[in-house]
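As structure tokens, the structure follows; a few thoughts come after it.
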Amino acid sequence: MNIRTQLTLTYIGIVVFVMLGMYFIFESTLKSLFSDQITNELEIQASLTREFLLEELPQKQNFTYGIIDGLVDRLAESGKVRLTFIGEDGIVWGDSDRDGQSLIEMDNHLNRPEVQDTIKDGKGLRNRLSSTTNTEFRYFTLPIKRGENLIGFTRVAMPIETVNESLSKIRKTLLFVSFAGLVLVIIITVFTTGTIVKPIKKLTQMTQSVASGELTTPVEVNSTNELGQLSRNFNLMTDRVQTQIDRISLENQRLETILNSMSEGVLLVNGLSEITYANPAAIAMLNLPENYVGRALIEINRIPQLQELVRNAEKTQELAFSEIRLANLNESEAEVTVVPVPSQSEYVIVIHDVSKLRKLERIRADFVANVSHELRTPLTSIRGYTETLLTNGNTKNKKRKEFLVKILKHSEGLSRLVSDLLELARLETGDVELKRTQCHLKDFHQQVLDVFEPVLEDSGVTLQWEIQEDLPQVSVDSQLFMQVFVNLIDNAIKYTPDGGVITVSAEANGTNSDAVNEVVVHIQDTGIGIPSESQSRVFERFYRVDKGRARKMGGTGLGLAIAKHILLCHNGRIWLDSELGEGTVFHFALPIDFPT
Ligand code: ADP
Numbered sequence: 005m006n007i008r009t010q011l012t013l014t015y016i017g018i019v020v021f022v023m024l025g026m027y028f029i030f031e032s033t034l035k036s037l038f039s040d041q042i043t044n045e046l047e048i049q050a051s052l053t054r055e056f057l058l059e060e061l062p063q064k065q066n067f068t069y070g071i072i073d074g075l076v077d078r079l080a081e082s083g084k085v086r087l088t089f090i091g092e093d094g095i096v097w098g099d100s101d102r103d104g105q106s107l108i109e110m111d112n113h114l115n116r117p118e119v120q121d122t123i124k125d126g127k128g129l130r131n132r133l134s135s136t137t138n139t140e141f142r143y144f145t146l147p148i149k150r151g152e153n154l155i156g157f158t159r160v161a162m163p164i165e166t167v168n169e170s171l172s173k174i175r176k177t178l179l180f181v182s183f184a185g186l187v188l189v190i191i192i193t194v195f196t197t198g199t200i201v202k203p204i205k206k207l208t209q210m211t212q213s214v215a216s217g218e219l220t221t222p223v224e225v226n227s228t229n230e231l232g233q234l235s236r237n238f239n240l241m242t243d244r245v246q247t248q249i250d251r252i253s254l255e256n257q258r259l260e261t262i263l264n265s266m267s268e269g270v271l272l273v274n275g276l277s278e279i280t281y282a283n284p285a286a287i288a289m290l291n292l293p294e295n296y297v298g299r300a301l302i303e304i305n306r307i308p309q310l311q312e313l314v315r316n317a318e319k320t321q322e323l324a325f326s327e328i329r330l331a332n333l334n335e336s337e338a339e340v341t342v343v344p345v346p347s348q349s350e351y352v353i354v355i356h357d358v359s360k361l362r363k364l365e366r367i368r369a370d371f372v373a374n375v376s377h378e379l380r381t382p383l384t385s386i387r388g389y390t391e392t393l394l395t396n397g398n399t400k401n402k403k404r405k406e407f408l409v410k411i412l413k414h415s416e417g418l419s420r421l422v423s424d425l426l427e428l429a430r431l432e433t434g435d436v437e438l439k440r441t442q443c444h445l446k447d448f449h450q451q452v453l454d455v456f457e458p459v460l461e462d463s464g465v466t467l468q469w470e471i472q473e474d475l476p477q478v479s480v481d482s483q484l485f486m487q488v489f490v491n492l493i494d495n496a497i498k499y500t501p502d503g504g505v506i507t508v509s510a511e512a513n514g515t516n517s518d519a520v521n522e523v524v525v526h527i528q529d530t531g532i533g534i535p536s537e538s539q540s541r542v543f544e545r546f547y548r549v550d551k552g553r554a555r556k557m558g559g560t561g562l563g564l565a566i567a568k569h570i571l572l573c574h575n576g577r578i579w580l581d582s583e584l585g586e587g588t589v590f591h592f593a594l595p596i597d598f599p600t
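Here our numbering is used: position 181 in the sequence shown is 185, and no number is missing along the way.
Okay, structure coming up:
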């Protein structure tokens, strides 16, 4: 049922209810008013009749039907009422409705209720069916007395029909007025509801078109009342929504353009690892079919590592990163990052194809390795010949000897550089085959002492070895691993002034859970420290904080880069804390259960 019908029916209901109520109240009030008036009239008539009959009635012994009925008939002529004279013994002597034989045959009226009431109370009023005329009458009876002697009763009666007739006339008028009022109210209601409902209808149509995405046509505002205000607010609201939609779609367009033009692949997967979005680069990299949306990642691209990475991000709710080989034609190498979007339980996968980069890196490493290799033989010859000249040649010429010492020193430096470069190239290209054995860190103590004892004595720096015996063992290539200790302790000695202390300590740690899963080693010195802006760069090749000083110290600038790569080969990590002028701590961590 629409609002208009509802309003109209409600109004009509109210009006019908009110009018019916008024009708019944009016009718019952009128009825009782009429009734009272008729009773009054009957009483007056009865009194007048009594007065008249008292004057005109002969003595009892002279009562004849003819005389008394004649008197009664005369009296009744002027009014619409029925008059009856009843003797004190109940005999009806005169009645305006009966004559002759029918009067004589009338019942004795002494037991009529109104007559009995009159004997008891002095007057009688009754509404009842007349057994004589068989119609309903209102009777009013008064006693007629001469002195103390009751000579009879005068009874005035009016048919109730007369009352009902008058009432029905009034009822008809009332009904007509009510009906006319009702029609008028219906017309007014239909018109008023029309004016109220019209703007609501318009608003409804508008909301329907808004719901179907049409926001541009505003609602007409014709009034200043609440509905007008509502329409104005609605227009404002649709305006705002349209502006927001425009802004969002512009941003969407921008985002789409960015995603489409990216060389990195971007994928969106839900909590069930089903793909919800993929940009063109991702489609190409993973060879996704056309109907990839809603399909499981593993189902359409069989790269278990990718699945594993998503699972890791899901478990930790943190960024997961790995380098994996894609299952496409070129078996491209790619750096893959999975970022959880917690609010939507979705995961953004960013795939960066690094095949070209890796290829270039390999070319560079190969080139460095080749050059280093080519330099190694002549350098060995230079060193050999210089050493021979120094030991066997003419050493009396001071200048000659000085030059030969310099040549030897520089060629040794160059040899160190070449072998460091070769080492680094081997580590970077993954050409090293790790010869892992279970080692205890304490085993490296003696080897370290063997290498550094003479240097420590010269430099006046103390080395404290504080590695406990009960540490878990680690699976490492001990020769390579020794290189890490050598490079770090060598640096610590080089950059710690006389009287300084170098402390080597270690402990077992848990990273992801409470279980112990890595051993962390700390090499702390009381040296010059590293400025904060250089701390993140010291692991780069050839990076030195103070170039002149480092060169004088005989460093190649590759020591930390080599240490970092050895640790990476062992799945470990290296980092540092340093305070300028206070000292530096290098930390490195090694997993205990290194996967083979
Ligand atoms: P180098 O052969 O020059 O020592 P490294 O790669 O071993 O090259 O170190 C890089 C640079 O880091 C060094 O030149 C030096 O400036 C800085 N460095 C390394 N270790 C320390 C240390 N323990 N204290 C202060 N500076 C250091």
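Built from N, CA and C at the ideal position, the CB exists for glycine as well.
9 Å Cβ cutoff met for residue i and residue j
i, j, result
"VAL589", "ASP550", "no"
"ARG1", "PHE144", "Nothing about residue 1 can be read from this structure; the chain reaches only from 5 to 600."
"GLY128", "GLU118", "yes"
"PRO203", "LEU240", "no"
"ARG78", "LEU146", "no"
"LEU61", "ILE164", "no"
"ARG116", "ASP99", "no"
"ARG570", "LEU453", "In the sequence as displayed, the identity of residue 570 is Ile instead of Arg. In this structure, LEU453 does not lie closer than 9 Å to ILE570 by Cβ."
"VAL167", "ILE42", "yes"
"ILE596", "PRO476", "yes"
"MET289", "SER253", "no"
"LEU492", "ALA567", "yes"
"GLY563", "ASP494", "yes"
Spatial neighbours of residue i in its chain, beta-carbon cut-off 6 Å, leaving aside the 5 residues before and after
i, result
"THR9", "none"
"SER376", "VAL422, LEU425, LEU426"
"MET557", "LYS498"
"PRO599", "Annotation note: pLDDT 46 at PRO599 (below 50); position unreliable, coordinate value reported separately. Nothing meets the Cβ criterion."
"VAL508", "TRP469, ILE527"
"ASP502", "GLY464"
"PRO535", "LEU584"
"VAL342", "LEU313, VAL314, ALA317, ALA324, TYR351, ILE353"
"LEU75", "GLU60"
Boundaries (first-last residue) of the alpha helix (DSSP H) holding residue i
i, result
"TYR389", "359-396"
"ALA80", "69-81"
"PRO117", "117-125"
"LEU11", "7-60"
"ASP435", "Run containing ASP435: none; DSSP gives neither H nor E here."
Neighbourhood of residue i by C-beta distance below 8 Å, restricted to the same chain and skipping five residues each side
i, result
"GLN384", "It is Thr, not Gln, that sits at residue 384 in the sequence shown. Taken in chain order, the residues that qualify are SER419."
"ARG306", "ALA331"
"PRO308", "ILE302"
"ILE71", "PRO62"
"LEU171", "GLU31, LEU34, LYS35, PHE38"
"ALA373", "LEU425, LEU426, ALA429, ARG430, THR433"
"ILE16", "LEU186, VAL189, ILE190, THR193"
Any chain C beta carbon closer than 9 Å to residue i
i, result
"VAL589", "Here chain C cannot be found, since the structure has a single protein chain."
7 Å Cβ shell around residue i - same chain, five flanking residues per side excluded
i, result
"GLU511", "VAL524"
"ARG387", "LEU412, SER415, GLU416, SER419"
"ARG214", "One detail in the question is off: residue 214 reads as Val in this sequence, not Arg. Once the five neighbours on either side are set aside, the close Cβ partners of VAL214 are THR242."
"GLY533", "SER582, GLU583, LEU584, GLY585, GLU586, GLY587, THR588"
"VAL194", "THR12"
"LEU393", "LEU408"
"ILE148", "ARG54, LEU57, LEU58, ILE155, GLY156, PHE157, THR158"
"PHE238", "LEU207, MET210, VAL223"
"GLU473", "LYS446"
"VAL358", "GLU337, ALA338, GLU339"
N-terminal and C-terminal residue of the beta strand (DSSP E) that residue i is part of
i, result
"ALA161", "153-163"
"TYR281", "279-282"
"ASN131", "128-133"
"HIS526", "522-529"
"ASN513", "505-513"
"ASP99", "96-99"
> If you scan the segment 539-591 from start to end, which runs of the alpha helix (DSSP H) of 4 or more residues do you find wholly inside it?
Replying inline: Complete alpha helix (DSSP H) runs here, min 4: 551-557, 563-573.
>> Within 8 Å, do at least three Cβ pairs link the segment 345-360 to the segment 262-273?
In response: The segment 345-360 and the segment 262-273 touch, with three or more beta-carbon pairs separated by less than 8 Å.
> With a cut-off of 8 Å, do at least 3 Cβ pairs link the segment 86-105 to the segment 57-72?
Replying inline: Segments in contact, yes.
> Within the chosen definition, does the segment 401-408 reach the segment 362-373 through at least 3 CB pairs nearer than 8 Å?
Replying inline: No: the two stretches stay apart, fewer than three of their Cβ pairs being nearer than 8 Å.
>> Extract the residue ranges of the beta strand (DSSP E) inside the segment 319-354, only unbroken runs of 3 or more that lie entirely within it.
In response: Entirely contained in the segment 319-354, the beta strand (DSSP E) runs reaching 3 residues are, in chain order, 324-329, 337-345.
>> I'd like to know if the segment 207-221 and the segment 177-189 are in contact, where contact means that at least 3 CB-CB pairs between them fall below 8 Å.
In response: With a cut-off of 8 Å, the segment 177-189 and the segment 207-221 do not count as touching, because too few Cβ pairs lie within range.
> With contact counted as at least three CB pairs below 8 Å, one residue from each stretch, are the segment 473-492 and the segment 435-444 in contact?
Replying inline: The segment 473-492 is in contact with the segment 435-444.
> Which full runs of the alpha helix (DSSP H) of 4+ residues lie inside the segment 219-271, going along the chain?
Replying inline: Runs of the alpha helix (DSSP H) inside the segment 219-271: 230-265.
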